[in-house]
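Enquirer:
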Amino acid sequence: MSGSQSNVPPRILQGTLNMMVLRILSDGAEHGYGIARKISERSKDGLLIKEGSLYPALHRLEKNGLVSSEWRASESNRRAKYYRLTAKGKQELASEAASWQQASQAINNVMTGLT
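Count the sequence shown with the working numbering and you get residues 2 to 116, in order.
1. Give me the Cα-Cα distance between W101 and R73, rounded to the nearest whole angstrom.
2. Which complete beta strand (DSSP E) runs does the stretch 76-107 hold, if anything under 3 residues is left out?
3. Is the beta carbon of E83 sitting closer than 8 Å to the one on E71?
4. Helix, strand or coil for A74? Go by DSSP, reduced to three states.
5. Please tell me whether L23 and G90 are closer than 8 Å, where the distance is taken between their beta carbons.
6. Since L26 contacts R85 with CB under 8 Å, what's their CB separation in whole angstroms?
7. Which of helix, strand or coil does DSSP assign to S41?
8. Taking 7 Å as the limit between beta carbons, can you name the residues of its chain near S75, skipping five residues before and five after?
Written out as structure tokens, the structure reads:
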């Protein structure tokens, strides 16, 4: 990952982190570092998620039944906790993604014309 910092305000990230984590997990089970790496890659290093934000979010998602977890060997043969999207998590992702699309379109409409 690049050493550059995100210009996205932390409040925006806090409100969308759960959705981004659920989206990454919709492609399959992943460990925490892998989730953070994929968010960074997909955002072209525009979003760098720190452990201090990611793991509390994963714990909340698990507590709410949106993800489940299991310990297993990682690609490097180390023990890692892998997270998987649950059926409830898939429903939540669909709902959050629809809300995000509406909100981002509305914001884009307001911001149109700025240079």
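Just so you know, even glycine gets a beta-carbon here, dropped at the ideal spot from N, CA and C.
Expert: Based on what the coordinates show:
1. 33 Å
2. 80-86
3. Looking at the sequence itself, residue 83 is Tyr, so the reference to Glu does not match. In contact: Y83 and E71 (Cβ atoms closer than 8 Å).
4. strand
5. yes
6. 6 Å
7. helix
8. H32 and A81
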